[in-house]
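Counting from 1 along the sequence shown, just add 3 to a position and that's the residue number in this note's numbering.
All residues carry an ideal CB built from backbone N, CA and C; glycine is no exception.
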Amino acid sequence: MKALLETKDVCYAYPNGPDALRGVSVHITRGSKTAFVGPNGAGKSTLLLTLNGTIRPDSGEVRFDGRPLAYDGRSLRELRRRVGFVFQNPDIQIIAPTVEQDVAFGPANLNLPPEAVKRAVRDVLGYVGLLGYEKRPPHHLSSGEKKRVAIAGILAMEPDVLVFDEPTSSLDPASSEEIMELLDELASSGRTVVISTHDVELAYRWADSVVLMAGGTVLARGAPEDVFSDHRLLKAARLKPPWVLDLYNELALRSVIKRGVPPKSVLEFTDLLERNVHGHVPQEELGRVYLCDADAVSGDEIRALLDGGSVAHVGAMGTRAKEFANRERILLDFTYGVIDKCILKALIGENSLIITTGGMVEHVHRRISEYSAESGRALAPIPITRQERRRIGGEVEG
Ligand code: ADP
Ligand code: MG
């Protein structure tokens with residue numbers, strides 16, 4: 004496939020510093036999720052900064068959309084609008100005294116009319132789940148919230164590519180998962196997403212293409228399951244393999260399981276084990292996965308459903324759905340990895356409910372039908388509409 008971003012033999016040394024990049028050639032295809040993975044000092048941040056022209060290579064070339072970058076002010080401004088960069092440390096990126104002003108900074112500089120700027124700010128704050136934060140001073144927010152302000156500021160310029168340098172560093176596990184879900188949402192809306200990370204587990208689950216870096220060079224690139232199965236390479240990069248893949252490879256080497264598509268999650272791994280142990284997929288009665296769009300139902304309706312007792316677990320996906328649950332005092336069992344967790348519950352016969360919003364509703368349908376096709380189990384989410392709720396309510400009462 005044609006590369007949207009590409010580097011050819013890029014070399015760079017910091018003034019009075021080390022050779023940070025020693026002949027790096029990579030390409031990033033449109034719509035892909037690419038992770039640059041490597042230990043500290045590998046050159047990941049430096050390479051990412053060449054992609055939006057912040058760092059100009061000493062030799063070699065960076066191409067965007069087929070054309071070599073030009074480094075005059077006008078070309079760089081246009082490039083940075085199309086290739087958005089989210090810094091590792093949001094404090095560097097956030098400059099204005101309020102969230103609203105900060106997010107408006109980019110679109111205002113594009114000379115959009117004030118009404119359009121206002122609309123853009125409202126849209127992206129909704130998208131990252133920060134409506135209501137408009138007047139807050141960004142420097143008093145939590146790390147996860149600051150990160151989302153920085154992301155909103157970049158999204159407001161509607162870039163084609165989003166580059167995140169270590170998107171989850173300094174975040175707690177739940178905030179990390181939320182940011183990664185946001186990145187998934189961006190990718191599923193057609194944007195090209197690039198991250199750097201030293202977190203092999205995260206890259207393995209998230210990326211469809213990984214570039215392994217160490218010492219300013221590329222050690223390997225390809226599908227995560229291929230790159231991360233090579234222990235020699237990982238050792239050279241001072242990294243450990245993802246545990247799911249490691250266990251899978253060990254069991255396959257000992258002929259405990261047959262090789263197939265390597266699993267990426269607990270769900271995929273348990274399915275694989277079941278198939279290998281039983282020789283087929285058990286067809287016990289599955290629990291149900293209910294799905295509701297928080298924009299289309301009320302808190303009362305959800306609470307009535309939960310009070311009916313037919314739902315054992317509730318999960319919310321996306322910041323807007325989580326806010327909805329918070330506001331409506333709906334206790335959540337799952338706040339990340341929600342789809343997989345609900346499928347796992349369905350496999351042991353328990354019912355669950357996924358609350359989400361917007362394009363994520365479609366995403367849940369897609370993910371569960373993919374799972375159903377791959378696993379051979381008949382599972383489909385049941386949308387909660389008002390009628391459906393009455394039916395389930397009736398079932399339970401009657
Ligand atoms: P990574 O992001 O993979 O940790 P970096 O791109 O930050 O790696 O760093 C690559 C190399 O360049 C390291 O040896 C680092 O010490 C050096 N380096 C990074 N930033 C600077 C800088 N601003 N000045 C001098 N050296 C730097
Ligand atoms: Mg870095």
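Within the model, the alpha-carbon separation for Gly352 versus Arg380 is close to 13 Å. Using a Cβ distance threshold of 7 Å, Lys36 and Ala190 count as a contacting pair.
The three-state reading of DSSP puts Phe167 in strand, counting E and B together. Beta-bridge pairing by DSSP links Ser355 to Val292 and His316. When C-alpha distances from Val314 are compared across Phe272, Ile358, Arg66 and Gly87, the shortest belongs to Ile358.
Scanning Leu350, Arg370, Val341 and Gly362 for the CA closest to the CA of Leu356 turns up Val341. Apart from sequence neighbours up to five positions away, the residues of its chain that approach Val196 with a beta-carbon distance below 7 Å are Lys36, Leu165, Leu186, Leu189 and Ala190, ordered along the chain.
Our two residues, Pro110 and Phe88, have alpha carbons roughly 15 Å apart in a direct line. Burial check for Ser301: the Cβ neighbour count within 10 Å stays below 16, so the residue is exposed.
Using a 10 angstroms sphere on the CB of Leu256, the tally of other CB atoms stays under 16, which defines it as exposed. Ranked by Cα distance from Val280, the options Leu254, Gly56 and Thr32 are led by Leu254. If you compare the alpha carbons of Leu158, Pro140, Asp94 and Phe167 with that of Val120, the shortest gap goes to Leu158. Beta-carbon to beta-carbon, Thr101 and Arg66 are separated by about 38 Å, too far to satisfy the 8 Å threshold. By the Cβ neighbour-count rule, Tyr74 is exposed, with fewer than 16 other Cβ atoms within 10 Å of its own.
Of the candidates Asp68, Ile385, Pro227 and Ser375, the residue whose Cα lies closest to the Cα of Leu7 is Asp68. In terms of Cβ geometry, Phe327 and Ala297 form a close pair [threshold 7 Å]. Any heavy atom of ligand 1 counts here; residues with a Cβ closer than 5 Å to one of them, in chain order, are Tyr17, Gly20, Pro21, Ala23, Asn43, Gly44, Ala45, Gly46, Lys47, Ser48 and Thr49.
Glu288 is classed as exposed because its beta carbon has fewer than 16 other beta carbons within 10 Å across all chains shown. Residue pairing by DSSP puts Met216 in a beta bridge opposite Val221. In the three-state reduction of the DSSP assignment, Gly26 falls in the strand class. In this structure, Leu334 sits away from Ala319, with a CB-CB distance that is not shorter than 7 Å. For Val196, the secondary structure class from DSSP, reduced to helix, strand or coil, is strand. In this structure, the CA atom of Arg125 is about 42 Å from the CA atom of Ser62. Within the segment 98-171, complete beta strand (DSSP E) segments of at least 3 residues are found at 164-168, given in chain order. Of the residues Pro141, Leu237 and Ala99, the one whose Cα lies closest to the Cα of Glu204 is Leu237.
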